[in-house]
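Trainee: First, the structure itself, so that you have it in front of you.
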Amino acid sequence: MKRHPVPASLQRETAKLIRLAVALQVSGSQLESQSWQAQMRKHIAQMFQKKQNETLEQALDYLWTENPLACELLAQQIENYAESITDTTDTDAVLIAIPLLAWSRYSIASGQISKTRLRELRTALSGYLLADSARISLIDVLFSPEQLPAGFIETRALLQQMIPLAVANQDMHFDVDKLLTAGDYVADVRYVFAAVVVDKDAPLFVWQQAEITQNEALQTWQLHTKDTMSALLPGCHYQAQLPNAFFSAWRKLEYEARTFSLRAAVAYLCESLEITPQNLRAVIAPFYDDVLEEYRIGFGLPKSNQVLHGVTWPLIGDESEETDMISQIEAELTDIGKIIVLTTAMPMEHCDDCGTPLFPNAESELVHPEMPEPATPVPTHLH
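Residues in the sequence shown are numbered from 19 upward in steps of one, following our numbering.
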């Protein structure tokens with residue numbers, strides 16, 4: 019989610035959140051931790067009531083650089099408050115995301131979901147993933163990253179709007195005309211959202227009440243939703259991920275998207291140019307904005323300095339220059355004919371006209387990716 023500077027009038031409340039997070043981080047007992055958590059939750063609730071996304075985001079920004087452990091604890095508390103409601107006497111509720119990774123030579127679908135497909139998703143969720151007491155409300159939209167809730171406040175507001183429908187086991191219609199236009203990328207992610215209501219303190223997912231692992235649940239989910247997902251994403255190669263609480267699913271997808279986008283890039287180029295991976299060259303370089311922010315991988319042909327396609331590999335969480343990202347990237351490109359690793363720190367440059375990231379070629383130049391004719395040029399990076 020985007021970070022915004024906080025007005026001076028909010029700085030005292032930001033400082034209080036920071037103090038509580040640090041106190042929780044250095045807590046010496048479970049009893050003390052519970053006290054700090056209760057105070058933090060109360061203060062977070064006040065920020066939500068006042069719609070102060072900026073206060074929450076500024077506290078996270080500060081702790082991210084000054085105290086990463088406290089930042090993680092605060093993020094957990096904020097995200098939990100945004101995606102779940104547990105302060106009622108009879109029920110608990112959570113917003114879950116059904117994530118999909120997809121790539122295509124054509125446009126990746128988004129927007130309204132038909133009643134038939136929504137009914138199929140509901141049947142699969144109830145039958146294979148959710149616990150016995152779960153009641154659900156699905157939104158009839160396939161969302162792109164541009165269309166996610168804008169912040170923590172908006173995420174909780176969406177859940178609150180859906181809870182009465184979930185209690186009644188009714189789905190939610192959403193006007194897609196109110197959404198931003200989905201980006202046009204070779205590889206991208208898509209989400210379906212659902213609110214799930216369960217009896218107080220009851221299990222949420224099937225793996226909480228049966229001898230089944232999350233991996234087994236994922237395999238069952240993929241098997242029984244194959245036809246539905248194919249219909250939602252026509253002309254796409256896709257990978258269905260395990261539905262989970264909103265922020266957990268979103269964060270896991272960040273990691274999965276990096277490797278998926280590399281494999282998608284190779285497949286896209288081979289399919290478009292009618293070549294094998296051995297005919298491709300990949301150039302990997304680090305990109306900095308004061309600190310290392312991401313690696314960019316430029317794909318091309320061995321005898322040309324033109325970059326045909328590019329993929330960004332952003333650093334996530336506590337990853338840094340000390341993290342061996344190069345080995346992880348190379349492990350996904352074992353079929354490539356040649357891999358070149360540049361050590362020169364590159365600037366985070368983008369095309370002035372279209373905003374596309376510039377990618378490295380074998381001569382350490384930053385160039386705009388362009389596919390040769392008659393292949394259809396498309397935007398070339400993943401969210």
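Note that CB positions come from ideal geometry on N, CA and C, so glycine has one too.
Quantities reported herein were computed from a predicted structural model and do not represent experimental measurements.
1) Could you name each continuous alpha helix (DSSP H) segment of 4 residues or more that falls completely within the region 158–223, going from the start of the chain to the end?
2) Could you spell out where the alpha helix (DSSP H) holding residue 350 opens and where it closes?
3) Classify residue 89: buried if its beta carbon has 16 or more other beta carbons within 10 angstroms, exposed otherwise.
4) Kindly identify the DSSP beta-bridge partner or partners of residue 312.
5) With 16 other CB atoms within 10 Å as the buried threshold, where does residue 408 fall?
6) Report the start-end ranges of each alpha helix (DSSP H) in the region 54–90 that is 4 residues or longer and not cut off at the edges.
7) Give the C-beta separation of residue 65 and residue 38 to the nearest angstrom, bearing in mind that I take them to be a contact with Cβ-Cβ under 8 angstroms.
8) According to DSSP, which residues form a beta bridge with residue 130?
9) Measuring alpha carbon to alpha carbon, tell me which of 335, 224, 49 and 251 ends up nearest residue 131.
10) Does any C-beta atom of chain D lie closer than 8 angstroms to the C-beta of residue 303?
11) Can you tell me whether residue 318 is buried or exposed? The criterion is at least 16 other CB atoms within 10 Å of its CB, across all chains shown.
12) May I ask you to list the residues that DSSP assigns as paired with residue 136?
13) Just verifying my parser: in three-state terms, what is the DSSP assignment at residue 251?
14) Measuring only the C-alpha atoms, how far is residue 195 from residue 228?
15) Could you pull the start and end residues of the alpha helix (DSSP H) that residue 32 belongs to?
16) How should residue 279 be labelled, buried or exposed, when 16 other C-beta atoms within 10 angstroms of its C-beta is the threshold for buried?
17) Using DSSP bridges, identify the partner residues of residue 109.
18) On the criterion of 16 or more Cβ atoms from any shown chain inside 10 Å, does residue 350 qualify as buried, or is it exposed?
19) Taking the alpha helix (DSSP H) that residue 284 belongs to, which residues open and close that run?
20) Just to confirm before moving on: does the CB-CB distance between residue 298 and residue 287 stay below 8 angstroms?
21) What are the boundary residues of the alpha helix (DSSP H) that residue 234 is part of?
22) Are the region 78–93 and the region 224–244 in contact at 8 angstroms, needing three or more beta carbon pairs?
23) Buried or exposed for residue 99, going by 16 or more other Cβ atoms inside 10 Å?
24) Taking DSSP's pairing of strands, which residues face residue 373 in a bridge?
25) If residue 385 sits next to residue 325, beta carbons under 8 angstroms apart, how far is it from one beta carbon to the other, in whole angstroms?
Mentor: Per the coordinate set shown:
1) The qualifying runs are 170–185.
2) Where residue 350 is concerned, there is no enclosing alpha helix (DSSP H), given that its DSSP letter is neither H nor E.
3) That one is buried.
4) Residue pairing of residue 312 in beta bridges, as defined by DSSP: 305 and 332.
5) Examination of residue 408 is not possible in this model, given that the chain is present from 19 through 401 alone.
6) For secondary structure counted as the alpha helix (DSSP H) over 4 or more consecutive residues, the region 54–90 holds these complete runs in sequence order: 71–84.
7) No, residue 65 and residue 38 are not in contact; Cβ-Cβ is about 12 angstroms, not under 8 angstroms.
8) Answer is 159, bridged to residue 130.
9) With respect to the C-alpha of residue 131, the residue from 335, 224, 49 and 251 having the closest C-alpha is 251.
10) Any reference to chain D falls outside this structure, which holds one protein chain only.
11) Classification of residue 318: buried, given that the 10 Å Cβ count is 16 or more.
12) For residue 136, which the question treats as bridged, DSSP gives no partner whatsoever.
13) DSSP places residue 251 in coil when its eight states are reduced to three.
14) Approximately 41 angstroms, taken between the alpha carbons.
15) Here the alpha helix (DSSP H) through residue 32 covers 29–43.
16) Label assigned to residue 279: buried.
17) Note: residue 109 sits in a beta bridge opposite 217.
18) When all chains shown are included, residue 350 counts as buried.
19) Start and end: 264–291.
20) Pairing residue 298 with residue 287 gives a Cβ-Cβ distance under 8 angstroms.
21) 232–242 is the span of the alpha helix (DSSP H), which, as asked, contains residue 234.
22) With the rule of 3 Cβ pairs closer than 8 angstroms, the region 78–93 does not count as touching the region 224–244.
23) Result: buried.
24) Note: residue 373 sits in no beta bridge, so no partner.
25) Contact holds; Cβ gap of about 5 angstroms.
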